[in-house]
């Protein structure tokens, strides 16, 4: 993202950390792995961030990840979805 001109202000290793950083930093947007493994999934973080109106969320996941329906993504409150692998251009 940095090479494309975006500022990356934080990275999280798990859902709890992602939610905590989102709440404290109030970023312009979040890019979250939908299949984030922890007690809070990426979908859970997206739902909470969207409900609390912290920032817009874009989810991403790979074809092997257990996130395979648009209904699940839509219910998370995300504004968009990207499929891995993520590529510039």
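Residue numbers (my numbering): 19 to 107. Ideal Cβ positions, reconstructed from N, Cα and C, are used throughout, including at glycine. As the structure is a computational prediction, the values presented were derived from the model and not from experiment.
Please list, in chain order, all residues of the same chain as residue i whose beta carbon is under 8 Å from its beta carbon, the five residues on each side excluded.
{"i": "residue 65", "result": "93, 94 and 95"}
Can you tell me whether residue i is buried or exposed? The criterion is at least 16 other CB atoms within 10 Å of its CB, across all chains shown.
{"i": "residue 50", "result": "buried"}
{"i": "residue 37", "result": "buried"}
{"i": "residue 22", "result": "exposed"}
{"i": "residue 40", "result": "buried"}
{"i": "residue 63", "result": "buried"}
{"i": "residue 98", "result": "exposed"}
{"i": "residue 54", "result": "buried"}
Regarding residue i and the ligand HEM, is the C-beta to nearest heavy atom distance less than 7 Å?
{"i": "residue 99", "result": "Summarising the ligand content, the structure contains no ligands, and the ligand HEM is consequently not present."}
With the cut-off set at 8 Å, would you say residue i and residue j are in Cβ contact?
{"i": "residue 106", "j": "residue 78", "result": "no"}
Quick one: measure Cβ to Cβ for residue i and residue j, integer angstroms, because I've assumed they're closer than 8 Å.
{"i": "residue 44", "j": "residue 73", "result": "7 Å"}
{"i": "residue 34", "j": "residue 58", "result": "5 Å"}
Tell me which residues share the same chain as residue i and place their Cβ nearer than 7 Å to its Cβ, disregarding the 5 neighbours each side in the sequence.
{"i": "residue 27", "result": "43 and 45"}
Unbroken stretches of the alpha helix (DSSP H), 4 residues or longer, contained in the stretch 25-103: 33-43, 60-69 and 88-93
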